[in-house]
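Per UniProt numbering, the sequence shown starts with residue 1, numbered consecutively.
Beta carbons are placed, not taken as given, at the ideal position from N, Cα and C, and that holds for glycine.
Values in this document were obtained by computation on a predicted structure and should not be read as measured data.
Note sheet for the following structure.
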Amino acid sequence: MSAHLSWMIIRNNNAYLTKKRNIKKHFSTEPHNLLNLASFRYNGLVHRKSIGIVPADNNGFKVTWKRAKAHHKPGKSIATTTMKAGPRVALYHLRRLIRCNKYRKDLTKAALRRASAILNSQKRTIQVKKSRPKKSD
């Protein structure tokens with residue numbers, strides 16, 4: 001079944017769809033949707049190639065992607081890797097994974113933004129020492 005036909009079937013009614021009052025855009029909670037928008041472009045269910053990025057257990061992020069050749073074998077169609085190296089190295093490896101495996105170029109920027117946001121949320125906050133008043137003699 002083509003991606004367009006699948007999208008026409010699930011676009012108005014699926015388990016991941018989230019509709020809010022007074023908001024025209026619908027949101028989606030599906031695993032491979034990088035922007036969480038309910039649109040054909042970002043939908044991870046209908047495309048043969050899609051990428052999902054979620055936070056890892058301790059630090060870093062976990063990248064899951066669909067293998068296009070195994071689309072008819074659901075158990076083997078999803079591959080996962082964890083990127084824990086420093087932020088610049090991890091983002092470089094993510095960009096390289098998308099480019100070298102010939103994944104969709106339109107998802108590169110969205111994937112990098114999501115991974116960067118996850119890494120920023122995992123940063124430790126530096127506590128500022130409180131200044132004490134001077135002792136009076």
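K62: member of the beta strand (DSSP E) spanning F61 to K66, first to last residue. Minimum Cα-Cα distance from A68 among the listed residues M1, S131 and R48 corresponds to R48.
At a Cβ-Cβ threshold of 9 Å, R95 and L112 count as neighbours. For the alpha helix (DSSP H) assignment, the uninterrupted runs of no fewer than 4 residues enclosed by the UniProt domain "Ribosomal eL28/Mak16" (5 to 121) are, from N- to C-terminal side, 87 to 100 and 108 to 121. For the options K109, D106, L37 and P31, the alpha carbon positioned closest to that of I78 is the one of P31. Across the structure, I53 and N43 are spaced so that their CA atoms are roughly 14 Å apart.
Selection A3, H26 and M1 evaluated against N12 yields H26 as nearest (Cα-Cα).
Rounded to the nearest whole angstrom, the CA to CA distance from S28 to R132 is 50 Å. One thing to note: L37 has its Cβ no nearer than 9 Å to the Cβ of P87. Within a 10 Å sphere around the beta-carbon of S50 sit 16 or more other beta-carbons, which makes this residue buried. Taking every protein chain shown into account, the CB of L107 has 16 or more other CB atoms within 10 angstroms, so this residue is buried.
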